[in-house]
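Engineer:
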Amino acid sequence: MSIGPRRLSTLDRWLAIRAISFGGWSAAHHSNAVAFLRADLKTMDSLTDSRRLEVRMLEGKAGLLRIGIARPASPSLGTILILNGRAEFIEKYRSSLEILVGWSYTAVIMDWSGQGGSWRDERHSRKGHVDDFAVYLDDIDCVLGWMRQSGMETIDLVIGHSMGGHLVLRGLVERDLRAAAAIFIAPMFDIRIGLPRWLARGVAGLGTAVGLARAYAPGQQEIHPARRRFESNPLTSDPELFESFRQLLLHHDAYRVGGVTYGWLRAAFRSIAWTWQPGYGEGLKLPMTVLTGEQDRIVSNQAAALMAARLLARHVDLAGARHDLLWEVAPVRDRLWREIRVILDALEANRPTPIASLSAIAAGA
């Protein structure tokens with residue numbers, strides 16, 4: 001059953017009036033988006049009560065986890081869980097939280113162990129390190145437990161970006177992550193490396209075996225935001241939003257994380273290989289959409305296409321986009337939010353969302 005033009009009209013109105021103005025691709029809309037993202041670099045727990053944004057710490061299995069909860073002023077239509085990417089933190093998603101709250105949804109997000117404001121190994125606090133991705137799965141369990149204790153027993157939509165997309169899949173298959181629908185944004189179903197895969201895995205394993213688990217992997221380091229340059233960045237093709245993100249990193253220096261270690265890389269390869277076992281994920285029965293950036297140099301779009309086919313998920317490749325789709329140029333962000341809105345509209349209508357229906361709707365959007 002398709003969602004008729006009336007719902008798309010509603011979507012267009014929503015996109016046109018939200019604070020970031022994703023409803024059009026004009027220069028004015030783009031300027032509004034940049035201004036909004038630059039407007040408030042404060043931590044979320046210092047925001048006004050009227051926006052109903054809250055940050056708190058949870059007792060996780062490995063240490064303290066920092067989570068953010070954004071609540072609408074009006075009665076909530078449901079709950080959305082966001083699992084962000086490696087080296088990200090809650091404040092980077094402030095604009096996304098504003099949109100979801102504007103759509104009358106409660107949104108929950110966290111800083112993964114080892115990054116943002118969550119616990120870190122003080123001896124290696126700037127390094128992206130984990131011995132096993134089970135640590136991240138335990139983070140998911142912790143947040144889910146808190147959500148259920150807080151009355152958020154049903155998750156309408158789970159959104160995963162990059163590493164978070166990979167962990168959404170593992171959470172859906174292996175843990176108690178239950179959602180009515182899922183969106184994977186530039187998911188880390190495999191990673192792109194400048195080496196043959198067998199060699200990269202061997203280097204990561206050997207480095208870990210000889211005691212270098214917490215040392216930076218080859219080519220990895222901490223790059224101070226002041227040294228970051230737009231021309232060489234793999235994240236966004238939008239120079240203004242790149243600068244906004246650079247300023248965000250400068251403002252939240254304590255939340256920054258550098259490159260990954262041998263141990264992280266080994267753990268990532270093992271976790272990715274786990275999800276490519278025959279039949280993995282094929283039993284999932286929920287609407288899923290995979291969004292990729294055509295110019296992504298961080299994760300593998302080929303792997304994303306293969307996994308989308310295995311999961312019977314809708315796959316949309318966004319022309320010209322790099323890895324960080326939520327911080328891309330206006331047409332890319334517009335399409336991304338339309339895809340999210342289509343799924344939410346279908347959930348609100350309380351009816352199935354077949355892949356063919358989603359394809360037809362998006363084509364006419």
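Each residue of the sequence shown is one higher than the last, beginning at 1 in the UniProt record's numbering. C-beta atoms are modelled at their ideal positions from N, C-alpha and C, and glycine is treated no differently.
Grab me the residues of THR106's own chain with a C-beta within less than 6 Å of its C-beta, minus the 5 sequence neighbours each way, in chain order.
Structural biologist: Only ARG71, SER76 and THR79 meet the Cβ criterion.
Engineer: From VAL210, LYS61 and LEU195, pick the residue whose C-alpha is nearest to that of GLY263; which is it?
Structural biologist: GLY263 has its Cα closest to that of VAL210, out of VAL210, LYS61 and LEU195.
Engineer: Where in the region 87-125 do unbroken runs of the beta strand (DSSP E), each at least 3 residues long, occur, reported from the N-terminal end onward?
Structural biologist: Qualifying beta strand (DSSP E) stretches, in chain order: 106-110.
Engineer: What does the Cβ neighbour count give for LYS285, buried or exposed, with the cut at 16 atoms within 10 Å?
Structural biologist: Flag for LYS285 reads exposed.
Engineer: What's the C-alpha gap between ASN233 and LEU318?
Structural biologist: About 18 Å.
Engineer: Roughly how many angstroms separate the alpha carbons of ARG13 and ARG341, rounded to a whole number?
Structural biologist: Here the model assigns ARG13 a pLDDT of 33, short of 50, so the residue's position is not dependable, and the following value carries that caveat. If you take the alpha carbons of ARG13 and ARG341, they lie about 12 Å apart.
Engineer: Cutting at 6 Å between CB atoms, please list the residues of its own chain near ILE109, excluding the five before and the five after it.
Structural biologist: Within the same chain, ILE109 has close Cβ partners GLY68, ILE82, ILE90 and TYR93.
Engineer: Quick one: grab the DSSP three-state call for GLY293.
Structural biologist: GLY293: strand per DSSP, three-state reduction.
Engineer: Considering only the alpha carbon of each residue, which of ALA180, ASP139, ALA134 and GLY205 lies closest to GLU153?
Structural biologist: Considering only alpha carbons, the answer is ALA180.
Engineer: Going residue by residue through the region 115-201, where are the continuous beta strand (DSSP E) segments of at least 3 residues, counting only ones entirely within it?
Structural biologist: The region 115-201 contains these whole beta strand (DSSP E) runs: 155-161 and 179-185.
Engineer: Looking at the secondary structure, which residues open and close the beta strand (DSSP E) in which GLU54 lies?
Structural biologist: Residues 53-59.
Engineer: Going by C-alpha to C-alpha distance, which of VAL332, PRO331 and TRP327 sits closest to SER96?
Structural biologist: Ranking VAL332, PRO331 and TRP327 by Cα distance to SER96 puts TRP327 first.
Engineer: Give the secondary structure of LEU37 by DSSP, where H, G and I count as helix, E and B as strand, and everything else as coil.
Structural biologist: Confidence at LEU37 is low in this model, with a pLDDT of 40, below 50, so the placement of that residue should be treated as unreliable; the coordinate-derived value is given next. Here LEU37 sits in helix by DSSP.
Engineer: I'd like the span of the alpha helix (DSSP H) that includes ILE69, first residue to last.
Structural biologist: It is not in any alpha helix (DSSP H) - ILE69 instead sits in the beta strand (DSSP E) that spans 64-70.
Engineer: With 16 as the cutoff for other CB atoms within 10 Å, does residue 440 come out buried or exposed?
Structural biologist: Past the boundaries of the shown model lies residue 440; the chain is included only from 1 to 365, so the question cannot be answered.
Engineer: Between LEU347 and ASP156, what straight-line distance do the alpha-carbon atoms span, to the nearest angstrom?
Structural biologist: Distance between the alpha carbons of LEU347 and ASP156 is about 8 Å.
Engineer: What does DSSP give as the partner residues of ILE82 in its beta bridges?
Structural biologist: ILE109 and ILE159, per the DSSP bridge assignment.
Engineer: By a C-beta neighbour count over all protein chains shown, 10 Å radius and 16 as the cutoff for buried, is LYS61 buried or exposed?
Structural biologist: Result: exposed.
Engineer: Using the beta-carbon count (16 or more within 10 Å), is ALA217 buried or exposed?
Structural biologist: Classification of ALA217: buried, given that the 10 Å Cβ count is 16 or more.
Engineer: When DSSP labels each residue in this structure, what does THR236 get in the three-state scheme?
Structural biologist: Three-state result, THR236: coil.
Engineer: Just to confirm the assignment, what range does the alpha helix (DSSP H) spanning ASP317 have?
Structural biologist: No alpha helix (DSSP H) contains ASP317, which is instead part of the beta strand (DSSP E) from 314-318.
Engineer: Would you check if the region 189-205 and the region 292-308 touch, i.e. whether three or more CB-CB distances between them fall below 8 Å?
Structural biologist: With a cut-off of 8 Å, the region 189-205 and the region 292-308 count as touching, because enough Cβ pairs lie within range.
Engineer: Here's the rule: buried if 16 or more other CB atoms are within 10 angstroms of the residue's CB, otherwise exposed. What is ILE223?
Structural biologist: Its Cβ having fewer than 16 others within 10 Å, ILE223 is exposed.
Engineer: Do VAL290 and GLY128 have their C-beta atoms closer together than 8 Å?
Structural biologist: No, these two residues do not count as a Cβ contact at 8 Å.
Engineer: Helix, strand or coil: which one does DSSP assign to VAL260?
Structural biologist: If DSSP states are grouped into helix, strand and coil, VAL260 belongs with the strands.
Engineer: Reducing DSSP to helix, strand and coil, say where TYR280 ends up.
Structural biologist: If DSSP states are grouped into helix, strand and coil, TYR280 belongs with coil.
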